[in-house]
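In the UniProt record's numbering, the protein residues as written are 1 to 605.
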């Protein structure tokens with residue numbers, strides 16, 4: 001299944017770069033004290049821009065209102081118009097905490113999800129920034145916005161309209177800088193000092209945004225560049241009243257943006273032939289990661305409301321009443337499940353009886369006039385009542401006579417209480433016929449392990465397909481697969497941790513190996529590669545590198561049946577020249593890996 005079939009259309013990627021963040025006049029709101037300040041970099045996919053970024057004459061970035069919010073009679077903003085879009089904010093990274101009011105944050109740290117996403121996108125990011133020697137402080141990818149295009153009609157896959165890409169300068173996202181402070185008066189909690197919101201549309205239009213921004217609690221920069229008369233009036237008012245006005249909290253941000261160039265799109269044809277498979281896979285990866293983030297946020301909200309309802313029930317002491325209502329609803333739902341399963345061949349025998357009886361009734365209604373059937377049903381009620389009354393009177397007379405004789409013999413009289421009548425056979429049979437049908441919960445418990453195995457098999461196949469697509473289209477790997485690896489440093493580390501004993505002949509580690517270009521990378525397993533973990537080790541095939549023969553010690557200790565699967569490779573490691581021994585899964589995989597390494601070693605690019 002391609003990316004377009006899942007997310008509609010291909011959405012190009014752009015890269016947002018955070019170069020510098022500083023602050024001044026960052027003090028607590030309640031007491032004006034200096035505290036430990038940090039800044040979080042967030043990405044807001046959907047943002048309603050109410051301001052546009054401009055540069056003031058004083059060198060400070062301010063905002064000019066683009067769409068004015070509603071105001072009351074005094075000219076103040078209507079609180080009902082203040083938007084709160086923090087529920088969709090995604091944390092990209094954060095700075096170190098510095099105990100000062102004028103911090104200069106020099107180091108920015110990625111959160112785990114952002115770091116893993118960049119690790120998975122390493123090939124396309126390296127290809128795009130290959131000519132740049134400057135390392136940015138932080139960067140993260142964003143996808144181009146789109147909207148439904150009603151003019152193009154409906155799509156072939158469903159009733160929803162086709163999506164239309166918006167220009168980058170009309171994007172709906174925004175970069176949010178959230179300033180947090182931990183002061184001495186509230187050491188147990190971190191307070192939010194405010195936000196600075198930079199719309200992506202402004203960043204894409206200008207290419208870069210830098211300057212000082214006022215930090216506001218709602219993220220709206222409502223300041224504007226004052227006129228000369230207003231500045232003179234404000235200075236005269238301050239001088240007359242002798243008021244020391246504290247400066248507002250501000251942060252300096254330097255942002256850069258550029259679209260990620262698709263270098264492989266026109267490499268073969270020389271003309272515009274659409275995005276390459278690498279660009280499609282990268283866009284699909286970023287969109288899938290954002291969809292997973294939204295799903296996790298939605299699940300967290302459901303868990304919050306579920307726990308709140310449980311606390312309310314405990315506080316109101318209505319457990320017994322709710323349990324009774326729950327049992328009644330459960331009985332009703334079970335009856336609905338049973339009736340539904342009766343007609344969908346959950347029990348083939350009983351469902352066949354129902355359909356056969358329905359067919360016979362249909363044939364009877366066709367062959368026999370309805371007036372005769374109505375007459376027979378009405379007469380059957382009189383006949384059944386007549387025979388039931390006659391048989392009941394005979395049984396009562398017989399039992400009363402027997403008991404009267406026994407009472408006279410014992411000298412006492414007992415009042416006769418009639419036994420409860422037993423329901424007819426057809427009623428008992430129908431009741432058992434319906435009650436023995438399983439509900440959906442019964443089916444789930446019965447086939448629990450089978451469904452778990454089927455789900456695990458499906459998830460494994462889906463992960464394998466995604467991994468293969470990512471390696472072939474995005475990483476363009478020459479060879480990849482599960483293998484066992486031996487390297488001196490790895491073997492020593494394994495023996496220190498107790499993974500293998502010093503007395504064992506060889507220290508082998510199960511790894512997932514990827515040969516990409518001149519780099520040979522390996523992870524602890526395939527799942528570590530899927531989630532974007534850092535490789536356990538790497539080897540660079542350039543210069544003095546290539547294939548070699550097993551050492552005499554390896555020839556003596558490796559079993560003979562495994563010698564035809566051994567591949568020895570040497571090259572440049574992270575710090576020094578290293579040599580590794582790989583045990584392939586079979587002889588065929590060993591030949592493919594050797595040919596790939598030889599081809600790369602002889603290549604001079």
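For glycine and all other residues, C-beta sits at the position ideal for the given N, C-alpha and C.
Notebook entry, point to check: Which runs of the alpha helix (DSSP H) fall wholly inside the stretch 508-592 and span at least 4 residues, in chain order?
Noted result: 526-531, 552-557
Check: Out of 183, 165, 163, 195, which has the shortest C-alpha to C-alpha gap to residue 176?
Finding: Residue 176 sits at position 176 when you count from the first residue of the chain shown. Closest by alpha carbon: 195.
Item checked: Local conformation of residue 173 per DSSP, three classes -> Working through the chain shown from its first residue, we reach residue 173 at position 173. Looking at residue 173 - three-state DSSP - the assignment turns out to be coil, as it is neither helix nor strand.
Note to self: Comparing C-alpha positions only, which one of 602, 114, 446 sits nearest to residue 293?
What the structure shows: Locating residue 293 in the chain shown gives position 293, where the first residue counts as 1. Looking at the Cα atoms, 114 is the closest of the given residues.
Check: If you scan the stretch 411-488 from start to end, which runs of the beta strand (DSSP E) of 3 or more residues do you find wholly inside it?
Finding: 479-487
Check: With a CB to CB cut of under 7 Å and the five nearest residues on each side skipped, what residues in its chain are close to residue 143?
Finding: The residue you call residue 143 lines up with position 143 of the chain shown. Around residue 143: 11, 13, 283, 286, 287.
Margin query: Taking 8 Å as the limit between beta carbons, can you name the residues of its chain near residue 123, skipping five residues before and five after?
Written below: Within the chain shown, residue 123 is the residue found at index 123, counting from 1. Within the same chain, residue 123 has close Cβ partners 278, 474, 475, 476, 516.
Next item on the list: Please determine, among 42, 481, 216, the residue with the shortest C-alpha to C-alpha distance to residue 530.
Entry: Counted from its first residue, the chain shown places residue 530 at position 530. The option with the nearest alpha carbon to residue 530 is 481.
Check: What did DSSP end up calling residue 321 once you bin it into helix, strand or coil?
Finding: If you number the chain shown from 1, residue 321 lands on position 321. Of the three classes helix, strand and coil, the one that applies to residue 321 here is helix, per DSSP.
Check: Taking all protein chains shown into account, do 16 or more other C-beta atoms lie within 10 angstroms of the C-beta of residue 281, making it buried, or fewer, making it exposed?
Finding: As a working note, residue 281 is residue 281 in the chain shown. Its Cβ being crowded by 16 or more others within 10 Å, residue 281 is buried.
Next item on the list: Pick helix, strand or coil for residue 91, following the three-state DSSP scheme.
Entry: Your numbering for residue 91 matches position 91 in the chain shown. In this structure, residue 91 counts as strand in the three-state DSSP scheme.
Margin query: With H, G and I counted as helix, E and B as strand and the rest as coil, what does DSSP make of residue 334?
Written below: Taking the chain shown and counting its residues from 1, one reaches residue 334 at position 334. In the structure shown, residue 334 sits in a helix (DSSP, three-state: H, G or I).
Checklist line | Bridge partner(s) assigned by DSSP for residue 105 | finding: By one-based count along the chain shown, residue 105 stands at place 105. Answer by DSSP bridge pairing, in chain order: 21.
Notebook entry, point to check: If you run the structure through DSSP and keep just helix, strand and coil, what is residue 378?
Noted result: Start at 1 with the first residue of the chain shown, and residue 378 comes out as number 378. Note: residue 378 maps to helix in three-state DSSP.
Notebook entry, point to check: Does DSSP put residue 38 in a helix, a strand or coil?
Noted result: Your numbering for residue 38 matches position 38 in the chain shown. Residue 38 falls in the strand class under three-state DSSP.
Check: Under three-state DSSP, which class holds residue 297?
Finding: For the purposes of this step, residue 297 is taken as residue 297 along the chain shown, with counting starting at 1. Helix at residue 297.
Next item on the list: Check whether the stretch 351-365 touches the stretch 458-474, taking contact to mean three or more Cβ pairs, one atom from each stretch, closer than 8 Å.
Entry: no
Item checked: Limits of the beta strand (DSSP E) - the one that residue 141 falls within -> Reading the chain shown from its first residue, position 141 is the one you call residue 141. Here the beta strand (DSSP E) through residue 141 covers 138-143.
Item checked: Where the beta strand (DSSP E) through residue 606 begins and ends -> Since the first residue shown for the chain is 1 and the last is 605, residue 606 is missing from the structure and cannot be characterised.
Margin query: What does the alpha-carbon distance come out to for the pair residue 349 and residue 373?
Written below: Against the chain shown, residue 349 aligns to sequence position 349. Against the chain shown, residue 373 aligns to sequence position 373. Each residue's alpha carbon lies about 29 Å from the other.
Margin query: Under 8 Å: do the stretch 554-568 and the stretch 534-545 share three or more Cβ pairs, one atom per stretch?
Written below: no
Checklist line | Same chain, Cβ closer than 7 Å to residue 338, neighbours up to 5 away in sequence not counted | finding: For the purposes of this step, residue 338 is taken as the residue at position 338 of the chain shown. These residues qualify, in order along the chain: 434, 437, 439.
Notebook entry, point to check: residue 462 to residue 599, Cα distance in whole Å?
Noted result: Within the chain shown, residue 462 is the residue found at index 462, counting from 1. Within the chain shown, residue 599 is the residue found at index 599, counting from 1. Cα to Cα, the separation comes out at about 32 Å.
Check: Within 10 angstroms of its Cβ, does residue 321 collect 16 or more other Cβ (buried), or is it exposed?
Finding: As a working mapping, residue 321 is identified with position 321 in the chain shown. Exposed is the call here.
Checklist line | Option in 46, 478, 560 with minimal Cα separation from residue 520 | finding: If you number the chain shown from 1, residue 520 lands on position 520. Closest option to residue 520, Cα to Cα, is 478.
Notebook entry, point to check: To which residues does DSSP link residue 147 through a beta bridge?
Noted result: Taking the first residue of the chain shown as 1, we reach residue 147 at position 147. Note: residue 147 sits in a beta bridge opposite 164.
Notebook entry, point to check: To the nearest whole angstrom, what separates the beta carbons of residue 203 and residue 255, a pair I think is in contact under 8 Å?
Noted result: As a working mapping, residue 203 is identified with position 203 in the chain shown. As a working mapping, residue 255 is identified with position 255 in the chain shown. The Cβ separation is near 6 Å, so the contact holds.
Note to self: Taking a contact to mean a Cβ-Cβ separation below 8 Å, would you say residue 44 touches residue 88 in this structure?
What the structure shows: Taking the chain shown and counting its residues from 1, the one referred to as residue 44 is at position 44. Taking the chain shown and counting its residues from 1, the one referred to as residue 88 is at position 88. Yes, these two residues count as a Cβ contact at 8 Å.
Margin query: Could you pull the DSSP bridge partners for residue 197 from this structure?
Written below: Locating residue 197 in the chain shown gives position 197, where the first residue counts as 1. According to DSSP, which records beta bridges pairwise, residue 197 is partnered with 176.
Item checked: Sequence-distant residues of the same chain with beta carbon closer than 6 Å to residue 492, five excluded per side -> Here residue 492 is taken as the residue at index 492 of the chain shown, counted from 1. Low confidence applies here, because residue 492 scores a pLDDT of 46, under 50, leaving its location unreliable and the question unanswered by this model.
Note to self: Are the CB atoms of residue 593 and residue 566 within a distance shorter than 8 Å?
What the structure shows: Numbered from its first residue, the chain shown carries residue 566 at position 566. Numbered from its first residue, the chain shown carries residue 593 at position 593. No, Cβ-Cβ distance for residue 566 and residue 593 is not below 8 Å.
Next item on the list: Classify residue 184 as buried or exposed, calling it buried when 16 or more other Cβ atoms lie within 10 Å of its own Cβ.
Entry: Stepping through the chain shown from its first residue, residue 184 is reached at position 184. Its Cβ having fewer than 16 others within 10 Å, residue 184 is exposed.
Note to self: On the DSSP bridge list, what partners appear for residue 14?
What the structure shows: The count along the chain shown starts at 1 and reaches residue 14 at position 14. DSSP output for residue 14 lists 142, 259 as bridge partner(s).
Notebook entry, point to check: In whole angstroms, what is the alpha-carbon distance linking residue 356 and residue 343?
Noted result: Here residue 356 is taken as the residue at index 356 of the chain shown, counted from 1. Here residue 343 is taken as the residue at index 343 of the chain shown, counted from 1. Taking the straight line from one Cα to the other gives about 12 Å.
Note to self: Measuring straight from C-alpha to C-alpha, what distance separates residue 391 and residue 384?
What the structure shows: Stepping through the chain shown from its first residue, residue 391 is reached at position 391. Stepping through the chain shown from its first residue, residue 384 is reached at position 384. Between residue 391 and residue 384, the C-alpha separation is close to 11 Å.
Note to self: Suppose you measure from the CA of residue 210 to the CA of residue 252; what does that come to, to the nearest Å?
What the structure shows: In the chain shown, residue 210 corresponds to position 210, counting from 1. In the chain shown, residue 252 corresponds to position 252, counting from 1. Roughly 7 Å separates the two Cα atoms.
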